[in-house]
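The sequence shown runs 0 to 507 under the working numbering.
Using N, Cα and C, we set each Cβ at its ideal position, and we do this for glycine too.
Since we're looking at a predicted model, the values are computed, not measured.
First up is the structure itself, then whatever we jot down about it.
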Amino acid sequence: MPQKSGMFDSTIDDPREYAAREFAEYFARMLTNGVFNGGQYLQVTATGTNSYVSISPGAAWIKGYAYSVYDEAIALPVTPATTLDRIDRIVLRLDTSTPVRSIKAIVLQGVPNANPVPPALVRSGDIYDLSLAQVRVVANSIIVTQAKITDERMNSAVCGLVNSLIQVDTTTFQQQWDLFMASLESQGFVTATAFNAHKADNAKHIPHLGTTTNAGNVYSITTAEVIATNQKFTTKINAASTGAATLKVSSIASGAAKSIQKVGGTSATLKIGVYTLFWDGTSFQLLGEGGEYGTASANDVRKEKTLGTDSGVVQGGLDLSALIPSNIRNGVTIDGVAGALLSGIEKPLILMLPGSSTVGSLHPAFGTIDFTPIVQSVGSVGNSYFTKAAYVRLIAQGVGFSSFATDVSINLTNVDVISVRAAAYRTAGDAGARVWFGATIGKDDRNTSYTAITTTSTPTVTEEYRTYQFNVSALSGMFYIKAEAVCGNVNSNTYVDVAEIILYQNNK
0 MPQKSGMFDS TIDDPREYAA REFAEYFARM LTNGVFNGGQ YLQVTATGTN SYVSISPGAA
60 WIKGYAYSVY DEAIALPVTP ATTLDRIDRI VLRLDTSTPV RSIKAIVLQG VPNANPVPPA
120 LVRSGDIYDL SLAQVRVVAN SIIVTQAKIT DERMNSAVCG LVNSLIQVDT TTFQQQWDLF
180 MASLESQGFV TATAFNAHKA DNAKHIPHLG TTTNAGNVYS ITTAEVIATN QKFTTKINAA
240 STGAATLKVS SIASGAAKSI QKVGGTSATL KIGVYTLFWD GTSFQLLGEG GEYGTASAND
300 VRKEKTLGTD SGVVQGGLDL SALIPSNIRN GVTIDGVAGA LLSGIEKPLI LMLPGSSTVG
360 SLHPAFGTID FTPIVQSVGS VGNSYFTKAA YVRLIAQGVG FSSFATDVSI NLTNVDVISV
420 RAAAYRTAGD AGARVWFGAT IGKDDRNTSY TAITTTSTPT VTEEYRTYQF NVSALSGMFY
480 IKAEAVCGNV NSNTYVDVAE IILYQNNK
């Protein structure tokens, strides 16, 4: 089995000679390829004034062979590119071929292209390359700038730092470092260029254009800010408008006056303050501002509610807690309180019933109906009774009824209350006279017996009236009214009469 060892001393009888290749193999087993120390050692730089690059002093190790730049930097010319960019590499090339046997720094030229890539390193046969840097050679330029140089000394795939083979190589370290930096970048770190571009992008921000000037309801702003269609901005209105306002922005529509509108397209009335506006290409739209108030005051709003005003939110002062049903018209409900007031109802519709054959008249709201009292009889003087009564047949909803020729058909639509008034008159000489008053609303035929709703006893004054009031808002169909005054123990100086029947309309 082949075996090999060394290095040993020579003797006269047993000379030991070793080729440089063997020494290189020996040291290559201890150290990795790369540059020593890093930092500024063997760093590639450019002055930006010519087409040269420089390699600073430093040392490298390739396959067990040593390389160094000492005392001062060396300069390498970079051939200018013509029509297209290219990427060159500054490499340390080990060439162990007999004619060469050296390590030298050279420019490894790339291929011009619209999207150039760096040239491949040679690592076969007698040649082994380490790349110190990439250089982007700009077409039609004889200047190489530092910004176009990419340092590759720390990249162990093409160069790396010299490392002991018994330690972790820089490949693992570099991979871990790259992963760490990538994680930082994903957390929001951006370049200054990207940040400045974002800062200048008004489409993502709301620029403030300053304070307006105005001529009446025409407001103006002079600004260098470029406001595009569908972009918003803020401005401070310097004075309140007195009507529909327009705005001139020097950088929008050549400074032409454009309307300021609220949501829905109505014109806005402005107050002093800051507004956010949206330019839609035709007009300025208010965003959340421009609210206007009507004429309502605190006393127009219930006390448990609030009202928005120019001065802010105020508490209502209208107190509805003390509503009284008897003060509210019947059929009307206010804040949950149902009205019970029957008196004082609008539009009394009066049907007069005189005590003789004189023709009565109906209120114009019911039309014209002539009639005489249905019953009118006079008893004998003495202990007999003197009776005067009036019957009126009322047909709900104006439906006619012809059973009694003397009945009155009246449209009771919207009639809520019927009032009946009867009267009696006696002279002083009839002190013993007794008078009864009565009024009835019934559903029966007028000839059927019934009990009067209300009766009174002997009057105590010379002339007395009695009034009877009925709520008929819930009645339907046919019904009638009977109003009567009856006197007993009277003489010829005592009179009775049914004075009037009044129908009150509630205007429901």
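What do you get for residue i, buried or exposed, if any count of 16 or more other CB atoms within 10 angstroms of its CB means buried?
{"i": "residue 283", "result": "buried"}
{"i": "residue 42", "result": "buried"}
{"i": "residue 298", "result": "exposed"}
{"i": "residue 118", "result": "buried"}
{"i": "residue 239", "result": "exposed"}
{"i": "residue 155", "result": "buried"}
{"i": "residue 425", "result": "Any answer about residue 425 is weak, because its pLDDT of 47 lies below 50 and its placement is not dependable; what the coordinates show is given next. It is buried - the Cβ of residue 425 has at least 16 other Cβ atoms within 10 Å."}
{"i": "residue 232", "result": "buried"}
{"i": "residue 304", "result": "exposed"}
{"i": "residue 10", "result": "exposed"}
{"i": "residue 136", "result": "buried"}
{"i": "residue 109", "result": "buried"}
{"i": "residue 247", "result": "buried"}
{"i": "residue 87", "result": "buried"}
{"i": "residue 367", "result": "Caution is warranted here: a pLDDT of 33 is assigned to residue 367, below 50, making its placement in the model unreliable, and no coordinate value can be reported."}
{"i": "residue 218", "result": "buried"}
{"i": "residue 332", "result": "exposed"}
{"i": "residue 244", "result": "buried"}
{"i": "residue 6", "result": "exposed"}
{"i": "residue 169", "result": "buried"}
{"i": "residue 21", "result": "exposed"}
Please state the DSSP three-state secondary structure of residue i.
{"i": "residue 254", "result": "helix"}
{"i": "residue 194", "result": "helix"}
{"i": "residue 274", "result": "strand"}
{"i": "residue 234", "result": "strand"}
{"i": "residue 298", "result": "helix"}
{"i": "residue 319", "result": "coil"}
{"i": "residue 76", "result": "strand"}
{"i": "residue 20", "result": "helix"}
{"i": "residue 304", "result": "coil"}
{"i": "residue 62", "result": "coil"}
{"i": "residue 178", "result": "helix"}
{"i": "residue 269", "result": "coil"}
{"i": "residue 247", "result": "strand"}
{"i": "residue 210", "result": "strand"}
{"i": "residue 40", "result": "coil"}
{"i": "residue 35", "result": "coil"}
{"i": "residue 337", "result": "strand"}
{"i": "residue 69", "result": "coil"}
{"i": "residue 283", "result": "strand"}
{"i": "residue 2", "result": "coil"}
{"i": "residue 332", "result": "strand"}
{"i": "residue 169", "result": "helix"}
{"i": "residue 204", "result": "coil"}
{"i": "residue 108", "result": "coil"}
{"i": "residue 261", "result": "coil"}
{"i": "residue 183", "result": "helix"}
{"i": "residue 146", "result": "helix"}
{"i": "residue 223", "result": "coil"}
{"i": "residue 119", "result": "coil"}
Would you grab the beta carbon distance between residue i and residue j for me? Rounded to a whole angstrom, and I think it's under 8 Å.
{"i": "residue 271", "j": "residue 237", "result": "7 Å"}
{"i": "residue 54", "j": "residue 72", "result": "6 Å"}
{"i": "residue 120", "j": "residue 157", "result": "6 Å"}
{"i": "residue 33", "j": "residue 59", "result": "7 Å"}
{"i": "residue 143", "j": "residue 74", "result": "That pair is no contact at about 11 Å."}
{"i": "residue 161", "j": "residue 89", "result": "That pair is no contact at about 18 Å."}
{"i": "residue 83", "j": "residue 146", "result": "The Cβ separation is near 19 Å, so there is no contact."}
{"i": "residue 19", "j": "residue 62", "result": "That pair is no contact at about 11 Å."}
{"i": "residue 313", "j": "residue 306", "result": "5 Å"}
On a Cα-Cα basis, can you pick out the residue from the options that is closest to residue i?
{"i": "residue 260", "options": "254, 249, 280", "result": "280"}
{"i": "residue 210", "options": "80, 274, 51", "result": "274"}
{"i": "residue 67", "options": "92, 52, 8", "result": "92"}
{"i": "residue 286", "options": "242, 234, 334", "result": "234"}
{"i": "residue 295", "options": "2, 20, 317", "result": "317"}
{"i": "residue 153", "options": "315, 40, 276", "result": "40"}
{"i": "residue 319", "options": "306, 222, 335, 24", "result": "335"}
{"i": "residue 130", "options": "103, 138, 113", "result": "103"}
{"i": "residue 81", "options": "56, 223, 49, 141", "result": "141"}
{"i": "residue 278", "options": "263, 251, 21, 302", "result": "251"}
{"i": "residue 228", "options": "90, 52, 113, 276", "result": "276"}
{"i": "residue 70", "options": "207, 150, 56", "result": "56"}
{"i": "residue 208", "options": "226, 21, 193", "result": "226"}
{"i": "residue 105", "options": "85, 112, 78, 314", "result": "78"}
- request: Specify whether the region 123–141 and the region 88–98 touch according to this definition: at least 3 beta carbon pairs, one from each stretch, less than 8 Å apart.
  value: yes
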